[in-house]
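Per numbering that gives the first Met the number 0, residue 0 is the first one in the sequence shown, and the count goes up by one each step.
Ideal Cβ placement from N, Cα and C applies to all residues, glycine included.
Just below is one structure, and these are the notes that go with it.
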Amino acid sequence: MTADAPPTPGPLRLPELVGARVRLRGWRSTDAHAVREASYDPLIPVITSVPTVDSEEEALAFVERQQDRLRDQVGYPFAVADADDRAVGFIILQLRTAVGARGSIGYWTCPSQRRRGYAAEALQVLTAWARDLPDLDRLELYVEPWNEGSWRAAESAGYEREGLLRAWERVGGEPRDMYMYAQLTAGSSARGEHRPS
Numbered sequence: 000m001t002a003d004a005p006p007t008p009g010p011l012r013l014p015e016l017v018g019a020r021v022r023l024r025g026w027r028s029t030d031a032h033a034v035r036e037a038s039y040d041p042l043i044p045v046i047t048s049v050p051t052v053d054s055e056e057e058a059l060a061f062v063e064r065q066q067d068r069l070r071d072q073v074g075y076p077f078a079v080a081d082a083d084d085r086a087v088g089f090i091i092l093q094l095r096t097a098v099g100a101r102g103s104i105g106y107w108t109c110p111s112q113r114r115r116g117y118a119a120e121a122l123q124v125l126t127a128w129a130r131d132l133p134d135l136d137r138l139e140l141y142v143e144p145w146n147e148g149s150w151r152a153a154e155s156a157g158y159e160r161e162g163l164l165r166a167w168e169r170v171g172g173e174p175r176d177m178y179m180y181a182q183l184t185a186g187s188s189a190r191g192e193h194r195p196s
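Laid out in structure tokens, this is it:
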């Protein structure tokens with residue numbers, strides 16, 4: 000794994016990150032099946048840009064939007080692929096540099112591929128790489144309290160729960176509480192805390 004700083008100006012360069020059972024790589028048109036399956040999930044289309052309709056055209060448009068995120072320097076969107084290189088999910092490191100040197104991580108797994116550890120391993124692999132990015136001080140993610148599988152994945156990747164954010168995000172038009180999980184990057188950890196004397 001490499002830890003190159005995001006180039007500026009110009010599009011971000013998406014690395015390929017490899018774990019024991021998953022590979023994080025760029026999205027391809029042949030991954031449309033994963034997007035179409037995710038479109039049937041009751042929550043994924045509500046909280047992500049996955050389309051709400053099962054169509055090849057909409058799925059391919061989702062794949063194209065991931066390339067736009069790289070070109071626009073919004074973040075690093077990865078397809079989570081299994082040992083057969085079949086897309087089983089999605090994970091993204093979104094850059095929040097306008098509000099601080101923070102990276103926000105989101106992820107989902109295709110319904111048929113859940114409870115196999117793909118999300119947890121993908122988060123571990125992405126975090127190991129992102130912790131060394133020089134332009135980030137902090138990595139964070141938000142999880143609804145009921146989503147135990149997701150927050151357990153966060154904890155397995157070394158994230159600490161920092162608190163409960165009340166009515167933090169609207170999901171399906173309704174305000175939802177979110178757990179905030181975070182960890183500092185290697186550069187931020189090395190600098191330590193600065194307190195006035």
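Notebook entry, point to check: Within 7 Å: the Cβ of A86 and any heavy atom of the ligand MN?
Noted result: The ligand MN is not part of the structure shown, which contains no ligands of any sort.
Item to complete: Compare the Cα-Cα distances from G186 to each of E139, D131 and G162 and report the closest residue.
Response: For the purposes of this step, residue 186 is identified with residue 187 of the sequence shown, where counting begins at 1. The residue among E139, D131 and G162 with its C-alpha nearest the C-alpha of G186 is D131.
* To do: Could you give the DSSP three-state label for E15: helix, strand or coil?
  => Locating residue 15 in the sequence shown gives position 16, where the first residue counts as 1. If DSSP states are grouped into helix, strand and coil, E15 belongs with coil.
Below 8 Å, how does it come out for the stretch 159–168 and the stretch 75–90: are there three or more Cβ pairs, yes or no? no
- Task: Would you kindly report the start and end of the unbroken alpha helix (DSSP H) that includes S149?
- Result: Along the sequence shown, one-based indexing puts residue 149 at 150. Secondary structure note for S149: its alpha helix (DSSP H) is the uninterrupted segment E147 to S155.
| task | Would you decide whether R160 is buried or exposed? Buried here means 16 or more other CB atoms lie within 10 Å of its CB. | result | Residue mapping note: residue 160 aligns to position 161 of the sequence shown, counting from 1. When all chains shown are included, R160 counts as exposed.
query: Nearest to R12 by alpha carbon, out of V49, E57, A58 and R70?
result: As a first step, residue 12 is located in the sequence shown; it is residue number 13 there, counting from the start. In this structure, R70 is the residue among V49, E57, A58 and R70 with its C-alpha nearest to the C-alpha of R12.
Three-state secondary structure (DSSP) at P133?
Here residue 133 refers to the residue found at position 134 of the sequence shown. In the structure shown, P133 sits in coil (DSSP, three-state: anything other than H, G, I, E or B).
- Query: How is T51 classed by DSSP in three states: helix, strand or coil?
  - Reply: The residue given as residue 51 occupies position 52 in the sequence shown. Residue state, collapsed to three classes: coil.
- Query: How many whole angstroms separate the CB atoms of L138 and Q182, which I take to be in contact at a CB cut-off of 8 Å?
  - Reply: Along the sequence shown, read from residue 1 onward, the residue named residue 138 stands at position 139. Along the sequence shown, read from residue 1 onward, the residue named residue 182 stands at position 183. Taking a contact as a CB-CB distance under 8 Å, the pair L138 and Q182 counts as one, their CB atoms being some 6 Å apart.
(Q) Which same chain residues end up closer than 6 Å to W26 when comparing Cβ atoms and leaving out the 5 residues on each side of it in sequence? (A) On the sequence shown, residue 26 is found 27 positions in, with the first residue counted as 1. Once the five neighbours on either side are set aside, the close Cβ partners of W26 are V62, Q65 and A78.
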